[in-house]
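Below is one structure; the comments refer to it alone.
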Amino acid sequence: MLKKHEESKAIELLKQNKIIILPTDTIYGLSAIYSLENEQKINLIKNADINKKLIILISNLDQLNDLKIIDDHDKNYLVLDQPTTVIFATSNNLTIAVRLVKRTDIKNIINQVGPIISTSVNLHGSKPLKKYQDLKEFNKKITLFFDTELNGSPSKIYDSINKKYIR
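The letter at position 36 of the sequence shown is residue 36 when you use UniProt numbering, and the numbering goes up by one with no holes.
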């Protein structure tokens with residue numbers, strides 16, 4: 001778990017529209033406040049398609065209301081014990097991927113800044129980085145926040161539109 005001063009620093013940097021590396025329930029993520037501009041910045045860092053959509057992390061189910069989801073009847077998948085990302089249809093004919101975080105420290109951060117976007121720390125198409133030294137070398141301009149090395153796997157992904165798991 002992040003220490004309180006690390007949570008405070010993460011909140012401060014996120015409010016300044018910075019991209020940071022945060023631990024999630026599964027792996028470390030390149031994270032920023034949810035916005036199209038920040039999605040594009042992260043995709044540039046990863047050498048990914050600039051329009052690639054990222055996972056939105058929320059701290060409570062009420063935050064779904066702000067995401068223009070058409071049908072949230074599959075939101076129960078968000079509260080499963082195993083971290084699960086759910087793909088929802090939105091009112092503007094798009095889809096979004098949402099995960100309800102379980103870590104208290106990350107929930108505290110999201111409660112202060114609102115939903116954040118996150119994606120694995122790696123170049124597009126490569127395996128997620130898990131070791132401290134690899135994270136440190138990834139991009140020296142990005143601030144790291146971590147307590148230990150995470151050895152988890154990316155979350156399961158449930159597609160609520162097609163009613164099936166895709167990972």
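Ideal Cβ placement from N, Cα and C applies to all residues, glycine included.
Predicted model, so just to flag it, every value in this text is computed and none were measured.
Task: Among F88, H124, E37, V113, nearest to H73 - alpha-carbon criterion - done: Among F88, H124, E37, V113, the Cα nearest to that of H73 belongs to F88.
- [ ] Below 7 Å CB to CB, which residues in the same chain sit around K68 once its five sequence neighbours on both sides are set aside?
- [x] So the qualifying residues of the chain are T90, S91, N92.
TODO: Output yes or no for whether 8 Å exceeds the beta carbon distance between P128 and L57.
DONE: Going by C-beta atoms, P128 is not nearer than 8 Å to L57.
Open item on the list: With H, G and I counted as helix, E and B as strand and the rest as coil, what does DSSP make of A48?
Closed with: It is coil, neither helix nor strand.
Open item on the list: Using 8 Å as the threshold, is the C-beta distance between G29 and T95 below it?
Closed with: No, these two residues do not count as a Cβ contact at 8 Å.
- [ ] Say whether the region 100 to 111 touches the region 3 to 22, bearing in mind that this needs 3 or more beta-carbon pairs closer than 8 Å, one atom from each stretch.
- [x] Output reads yes: the region 3 to 22 touches the region 100 to 111.
Open item on the list: Just to confirm, is the Cβ distance from L44 to I117 under 8 Å?
Closed with: At least 8 Å separates the beta-carbon of L44 from that of I117.
Task: Spatial distance of K41 from I50 (CA atoms) - done: The alpha-carbon atoms of K41 and I50 are separated by roughly 8 Å.
- [ ] Output the boundary residues of the alpha helix (DSSP H) element that contains D134.
- [x] Looking at the DSSP string, the run of the alpha helix (DSSP H) that includes D134 is 132 to 138.
Open item on the list: Beta-carbon within less than 8 Å of I27's beta-carbon, same chain only, minus the 5 sequence neighbours each way: which residues are those?
Closed with: In chain order, S120, V121, P128, K130, L150, G152, S153, P154 place their CB closer than 8 Å to the CB of I27, counting only its own chain and leaving out the 5 sequence neighbours on each side.
Task: With 16 other Cβ atoms within 10 Å as the buried cut-off, status of residue 220 - done: Absent from the model: residue 220. The displayed extent of the chain is 1 to 167, so no value can be given.
TODO: Return the chain-ordered list of same chain residues with a C-beta closer than 7 Å to the C-beta of V113, the five sequence neighbours on each side being excluded.
DONE: Cβ contact annotation for V113 (same chain, cutoff 7 Å, sequence separation greater than five): I11, L14, K15, I33, in chain order.
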